[in-house]
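Just so you know, the sequences run in chain order A and B. Per my numbering, residue 133 is the first one in the first sequence, and the count goes up by one each step. Per my numbering, residue 957 is the first one in the second sequence, and the count goes up by one each step. These notes are about the structure you will find just below.
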Amino acid sequence: MKRILLLTFANLRRSGGQNAFLTFLITLITLFCVLSLTVMLGFMSCFDKAAEKADAPEIFVAGQNELFDADNKNILDTDSRVERTVYSDVLYLDSAQITFAGTKKSVALIAMPLDKQEYKSYEIVEEMDDIPENAIYVSRYFKESGDYELGERFDIRYDKIVYHFVIAGFTEDIYLGCVHSDTQTGVVLPEDDYVNFANRFSSNENGKVADIYIKDKEQAQAVMSDFLNKAETGTSKYCSMTYDVCRNYATMEPSIMAILLLSFAVLLLIIALSVTVYIIRGNLVREIKNISILKSIGYSSNSITLSFALQYTILTLIGAVIGGILSFVVYSKIAGSMQSLTWIAIKTAITPVMPVYVMLVIMSIFFMVSYITALKLRKVSPCKAFNSAQEQVNTFKKDVMPVYKSRLPFHVSMAVKMFFGSFKQNLMMIAVLAIISFVLGYVAVLNYNISVDTKKFVDVLMYEYADITAYANPTNYYDDLDAILGSEEGADDAIFFETLQVQTGNVNMYAYVTNDYGRTRNDSIVYEGCHPSAENEIAIGGKSAVYFNKSIGDTISLDSSGNKCEYTITGLIQTSMDNGFDCELTTDGYKRINPGFKPNTVLIYLKENVDTDAFLDTIIQKHQSQISGAVNTKLTIEQSMGSYVSLVDGLLISFSFISVVIIWILLYLLIKVQLRRNDRNFRIQKAIGFTSWQIRLEVFLSFVPVGAVGAVIGGLLIFLLANKFSNTLFGTMGIMQADFIISYPMVAAILVMLMTVTFLLTFIITDRIKYIVPKSKNML
Amino acid sequence: MSTILKAINVKKSYAVDSRKQEVLKGVDLQIEKGDFAVIMGSSGAGKSTLLYALSGMDNIDSGKIVFSNCNIEGYSADKMSVFRRKHCGFVFQQNNLLDNMSLIDNVIVSGMLCTNSRKEILAKAEKLFEKVNISKEIQRKFPSQISGGEAQRAGIVRAIINEPDVVFADEPTGSLDYSNGQVVLDLLTDIHKSGQTIIMVTHDIRSAFRGNKVIFVRDGMVGGICELGEYDEKDDERKEKLRCFLEERGW
Ligand SMILES: Nc1ncnc2c1ncn2[C@@H]1O[C@H](COP(=O)(O)OP(=O)(O)OP(=O)(O)O)[C@@H](O)[C@H]1O
Ligand SMILES: [Mg+2]
């Protein structure tokens, strides 16, 4: 072992630049792995801990009182899988509207009195000193991501009435902290305020929260489905959630960041491994003399191989330790912004086990790869030490394009020889360049879609939206409000477009309802098949299609208000809003289950270059009696996308920066290795009269196919895989087919740029050829 | 007879760890056209260093080298390369062929530096290979697939393909056995007879007999020159003369 270490350190001392680069790469890989795994696992386990502390139930059901009549309660009481159920009296406001980060959200709002009911899983984490009038406590998520502060106004719009509150404090709660469009959101009021608030509603809004504790966690989904199946729900509104679903909602955005980071780390790992293999092969050639001498004096192949492998394992160790330490520093900086993406204070830190674990995995990968690569030196025979010392590990046997036959210009045929002489290395280099061009190209595609041409990105993330959304006045209702607004000066078109709730079996789904889908503008929603056009047709969310095991042509039955109807599936849709549980119906189609339905929301599309705010003012004044309100949707979307976009943007900018740095160093190293491999031949060439320029030209020409093919393959990968890659990344959000725009000129520009960088760099680095002197102790 | 190569007060030193070691301390010598000059001397005397200096492979600190009426000591590396391809041929101690090409390509590559006619060079190379007894089959092999003797003979073909003014050889038989060594020496003698100027470094007296002039290098200077006359295998007087010359200088 001592002998091996001796060799190892002798080797390590020699190639400083390469070692530094590999260490740098491994530092990044470790850093990214630790961060992403910490976020992915840490956030979940932290959420688990918070849930445990709050004694959160496995199933949460909230709804109007009807849902919890004696019969239905009995279902739970007699279910042997249920341990206990705790009921709390609350106000249940179905489809209440609140504003979150500038966006109006429709949620099932659950209000409860402070300290006065069974439900105690919330905790007040921040509170004003003097409790104001109309005080309300809301989830800390409103502060972290929703742009609210203590003492600010908080409005709840319910059944056309807006209720004003003042935020007196922030709470933390597992189930009620959620602020997603199709889920429940909880608020807490001081007892007096609660009573006042409750008095403004009929008994219809009186509801309950049921915390269902079960014995076997795995059974949560089944127990919940069984209950909702058996229960006579009648017309009562309710919402339900299992713990796992809740946790998914809570950790979704940080998880996406983490997945992005992790995939980047994996790409870096591939690059680092390729570079290692490349360098070891280069070194084997350089070290051949030393290796044969070591063998001749009695070192075994195994100990020499081990010393090579150990060399890279030691580098990995150093890189991983630095990366591990860095991850603590970096994490403390980014933890804040990551945590603002969820509603539980994530007090997670990096566990010391994590970096150690990551380190061990990376180290063993590197050990294995470098050991296997170095196994090649077994072929070196010790007698090489004494006779012709400069035998190559790669002994050339096949004469590719012999110069004496070649019709190509002399230097081109020399370059061809050089290219095939290091064919395997060149293939590897092509692969590395292809990966780099893919990463860069992909980053550019994302950047383009998120920052430059954002329509596609917004389309993919949203359902139908227009410039302005107007709400009909129910007391002065016009059936043709869409036509009235659409004929306004500046308007291009206006349609009734409603988002409603329906049920299939016991699963809640959002239903988008409009007359004619031909007039909608978001082409990204249907990703397979087509929109419904007849009253018995439906398009459903891709995720729900998988969940219900349905495909195009099948039928699905919906119910609402006790009516049940069958629909034929004509298409699959994708929106990120509802985690994929949604569907599209025509207005007539929806009227089959809800005959009294009158659409209420009008989307107004404006002509180009029309001032949205001015138009808004005009219609609000002109149609005062017909509409109850209107909002600038574009602005709202921009605001709500803002934080998300800036986060992704920041991530991408740092990615591209790191990519570019890596390309430069990588090319530098790879070309250097290439020069070293050919060092002996270059010396001989110089001796027989080649000038530096001639050799440089040959090296340069031999790199042209490498740079070009690498970039072209990278480009092809972008076209073939970029959207598949996006689908994997965004799949968790319910996006099945992110058809991001891949701008041909942009990708072409990137590839040309990359090639130029490759060639320029090759040209600059090959300048060192002039330092190769023909004479050397080695040669003569 | 005309002088083809002339060294005047050539000095060269190496710096190792900031310590300067003077290797050539003022060498003066003159090689005539058609000479087969042999450089001898003890190990470390500076023979190889002198050869590099004369052939323009390495620059010198001071002095003058006049090669084919050119002052080459001030040439830049690239100018020197261009000079070498026309005026110098090299036979090295070890197989120093480009390992990524066949023997024939090794020769062609050298030849293509001086002409653009691949055909012409190919014909010439094949004739020379025939002369050194390397078959077509072996010509297509790679350096890793041939014997040391074959490699050295191919090296000679490469050295003379461009009809250089001087062929430089540094212990060309150093890594060969006796009989292979003789073949190589015979070849060098052959091309010498056809008028080729050769400068060869050797340790071996039997190799040195081949020359018409032996230059003894000692302590970084020329320590004596022995004019032997043309090589004749049976001429014992010549052998004696060289033996005495070397003995006098402590060989
Ligand atoms: N590149 C170099 N750097 C430093 N010192 C050198 C270098 N090359 C040669 N020397 C030194 O110069 C001296 C002469 O070397 P040279 O190779 O010319 O000897 P030589 O006469 O050819 O010996 P040999 O017969 O053993 O080949 C030696 O002492 C050697 O150590
Ligand atoms: Mg020598």
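The C-beta atom is built at its ideal place from N, Cα and C for all residues, glycine as well. Owing to the predicted nature of the structure, the values given are computational and were not obtained by experimental measurement.
Are the region 846-855 of chain A and the region 531-545 of chain A in contact at 8 Å, needing three or more beta carbon pairs?
no
Would you list, in chain order, the members of the region 550-569 of chain A that have their beta-carbon closer than 9 Å to a beta-carbon of chain B?
Met550, Phe552, Gly553, Ser554
Any C-beta of chain B within less than 8 Å: which residues of the region 395-422 of chain A qualify?
none
Who pairs with leucine 245(A) in a beta bridge, going by DSSP?
Here residue 245(A) turns out to be proline, not leucine, going by the sequence shown. Beta-bridge pairing links proline 245(A) to Leu321(A).
What residues of chain B sit near lysine 902(A), judged by a beta carbon separation below 9 Å?
Ala1033, Asp1034
Pull up the distance between the alpha-carbon of proline 906(A) and that of phenylalanine 814(A), whole angstroms please.
8 Å
Within the region 1102-1165 of chain B, note down every full beta strand (DSSP E) run reaching 3 residues or more, in order along the chain.
1122-1126, 1153-1157
Identify whether alanine 576(A) lies in helix, strand or coil by the three-state DSSP scheme.
helix
Any heavy atom of ligand 4 closer than 7 Å to the beta-carbon of serine 1004(B)?
In terms of ligand content, the structure shown lacks ligand 4 and carries ligand 1 and ligand 2 instead.
Given that phenylalanine 1046(B) touches chain A, what residues does it touch there, using C-beta distances under 7 Å?
Ala819, Ile820
Roughly how many whole angstroms lie between the Cα atoms of methionine 389(A) and arginine 272(A)?
21 Å
Taking CB distances under 8 Å as the criterion, tell me whether isoleucine 1016(B) reaches chain A.
no
Would you say the region 352-366 of chain A touches the region 256-274 of chain A, given that touching needs at least three Cβ pairs under 8 Å?
no
Is there at least one non-hydrogen atom of ligand 2 closer than 7 Å to the beta-carbon of valine 1157(B)?
yes
What residues match up with aspartate 358(A) in a beta bridge as DSSP calls it?
According to DSSP, which records beta bridges pairwise, aspartate 358(A) is partnered with nothing at all.
Just mark glutamate 523(A) as buried or exposed, buried being the case when its beta carbon has 16 or more other beta carbons within 10 Å.
Because glutamate 523(A) sits at a pLDDT of 46, beneath the cut-off of 50, its placement in the model cannot be relied upon, and the following sentence gives the value as read from the coordinates. Answer is buried; the Cβ neighbour count reaches 16.
Could you spell out the range, first to last residue, of the beta strand (DSSP E) harbouring histidine 663(A)?
From DSSP, histidine 663(A) is part of no beta strand (DSSP E); its letter is neither H nor E.
Residues in the same chain with beta-carbon distance under 6 Å from lysine 1003(B), minus the five sequence neighbours each way, listed in chain order, please.
Ile995, Gly997, Val1157, Val1173
Going by C-alpha distance, which of Glu255(A), Lys181(A), Met550(A), Gln443(A) is nearest leucine 1054(B)?
Met550(A)
By Cβ distance, which residues of its chain are closer than 7 Å to alanine 819(A), with the 5 residues on each side in sequence left out?
Pro906
Looking at ligand 1, does it come within less than 7 Å of glycine 997(B), judged from the CB to the closest heavy atom?
yes
Specify the secondary structure class of glutamine 524(A) as computed by DSSP and reduced to three states.
Caution applies to glutamine 524(A), whose pLDDT of 47 falls short of 50 and renders its modelled position unreliable; the model cannot decide the point.
Could you tell me whether any Cβ in chain A is nearer than 8 Å to the Cβ of asparagine 1136(B)?
no
Local Cβ density within 10 Å of glutamine 817(A), reported as buried at 16 or more and exposed below that
buried
Within the present structure, is the beta-carbon of glycine 1000(B) separated from the nearest heavy atom of ligand 1 by less than 7 Å?
yes
Does isoleucine 425(A) have its Cβ less than 8 Å from a Cβ in chain B?
no
Kindly list the residues whose CB is nearer than 6 Å to the CB of phenylalanine 460(A), restricted to its own chain and excluding five residues on each side of it in sequence; keep chain order.
Ile482
Based on Cα-Cα distance, which residue from Ser1150(B), Lys1190(B), Gly1176(B), Lys1195(B) lies nearest to lysine 1169(B)?
Lys1195(B)
So cysteine 1070(B) and phenylalanine 1124(B) are supposed to be a Cβ contact under 8 Å. How far apart are they, rounded?
That belief does not hold up - the Cβ atoms of cysteine 1070(B) and phenylalanine 1124(B) are roughly 17 Å apart, past 8 Å.
Contact set for leucine 393(A): own chain, Cβ-Cβ below 7 Å, skip 5 residues either direction
Phe164, Leu167, Ser168
Taking only beta-carbon atoms, is aspartate 1055(B) less than 8 Å away from chain A?
yes
Let me confirm a value: methionine 500(A) is counted as buried when at least 16 other C-beta atoms fall within 10 Å, else exposed. Which label applies?
exposed
With glutamate 1093(B) as the anchor, note down where its alpha helix (DSSP H) starts and where it stops.
1092-1095
8 Å CB neighbourhood of isoleucine 1021(B) in its chain, flanking five on each side removed:
Leu961, Lys962, Ala963, Ile964, Val966, Ala1009, Leu1010, Gly1012, Asn1027, Ile1028, Glu1029
DSSP state of glycine 234(A) mapped onto helix, strand, coil
coil
Look at the alpha carbon of aspartate 287(A) and the alpha carbon of threonine 652(A), and state the distance between them as a whole number of angstroms.
31 Å
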